[in-house]
Ligand code: 6XA
Ligand code: ZN
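Numbering (the working numbering), first residue to last: 44 to 386.
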């Protein structure tokens, strides 16, 4: 299996985020991608290749074009207005404030284009975001050209990014863009399976009205877990998308036995959908040692996850999402991927 990796991810570094009662260093650190790369290399899973050059066309079809322009400009606007540090929003246009009054000030634009204080910008953020996106598209292209699977070490991650909003460490929705790339390349039906601990609210929003991309999520119950305001079981999609969204929220403390039953349900739904190709939003923050999440999967469980995904018998694009137990992250990723290759 080819792995796509760009060292440019490391340009997104040194930022802070809004935690509970504190401004804290981000958990989403460059060491994450580096340790994953090192473990993929040591395990000999296959060649590690750089992303190919990619235009922003797919990003502009999945996201609003003005949002993509904003991501590209945000750091420049922030410094031009005299600010430094991490560019974070100050105000969000939540109800009953006006949602049609697009301001000019960068402090406010950051709120216009986000849903939380978890997607800060520093000088290198946009370059890292572009490389992360290009890596996901490259992995999609590798699979479109006939490989059974490919893995994108995308950092920053993407599954919280919606059509017009950043949040939760995410800017461009890498997995959604990979799914769109596969559609553009001729796949008729694409399934996105999101196994990150957190609900992929951005991916759900993006495909909410679409029947050609099935989205399944297994995640911490939004009653107590981030992102809180989406991810309930009654969200099934609308219009042509009705029935093409599956949410499987699970309580904090869930162990592999229960989690695996949800995986089985998601896989059966994907089989029924008859997907041509699968995109896995591969978050490893389901791990028992994860510092910000509350499931209890263990390292030995991840090869079984990979083997079940292989049993779907479809070409598969893996895109890295969350996972913050940095010491275990590389081994856990390799667990899924080697389980897939052996399966
Ligand atoms: C809170 C962000 C927490 C979720 C990030 C994540 N500032 N999403 O891992 O999958
Ligand atoms: Zn997560």
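For each residue, glycine too, the CB sits at the ideal point set by N, CA and C.
- Sorting 332, 360, 383 by C-alpha distance to the C-alpha of residue 367 places 332 at the top.
- The distance from the Cβ of residue 329 to that of residue 235 is about 17 Å, inconsistent with a contact at the 8 Å cut-off.
- Here residue 316 carries a helix assignment [DSSP, helix/strand/coil].
- The alpha helix (DSSP H) runs of length 4 or more contained entirely in the stretch 67-134 are, from start to end of the chain, 73-86, 100-105, 108-123.
- Per DSSP, residue 197 is not a residue of any beta strand (DSSP E), being assigned neither H nor E.
- For residue 88, the CB contacts under 6 Å within the same chain, skipping 5 residues up- and downstream, are 44, 380 in chain order.
- When C-alpha distances from residue 93 are compared across 47, 172, 338, the shortest belongs to 47.
- The beta carbon of residue 270 sits closer than 8 Å to those of 158, 159, 203, 210, 211, 241, 242, 244, all from its chain and outside the five residues before and after it, given in chain order.
- Assigned with DSSP and collapsed to three states, residue 46 falls in strand.
- With a minimum length of 3 residues, the unbroken runs of beta strand (DSSP E) contained wholly in the stretch 134-219 fall at 192-195.
- In chain order, 47, 178, 179, 182, 362 place their CB closer than 6 Å to the CB of residue 195, counting only its own chain and leaving out the 5 sequence neighbours on each side.
- Per the coordinates, the alpha-carbon of residue 115 lies some 6 Å from the alpha-carbon of residue 169.
- At least one heavy atom of ligand 2 sits closer than 7 Å to the Cβ of residue 364.
- Contact between residue 199 and residue 71 is confirmed by a C-beta separation of about 6 Å, below the 8 Å threshold.
- Here the stretch 227-234 makes contact with the stretch 314-321; the two share three or more CB pairs at distances below 8 Å.
- Residue range 369-385 is occupied by the alpha helix (DSSP H) that includes residue 385.
- DSSP, reduced to helix, strand and coil, places residue 283 within a helical segment of the structure shown.
- One Cα belongs to residue 103, the other to residue 172, and the distance between them is close to 14 Å.
- By alpha-carbon distance to residue 383, the top candidate from 349, 372, 128, 376 is 349.
- Beta-bridge analysis with DSSP links residue 325 to 363.
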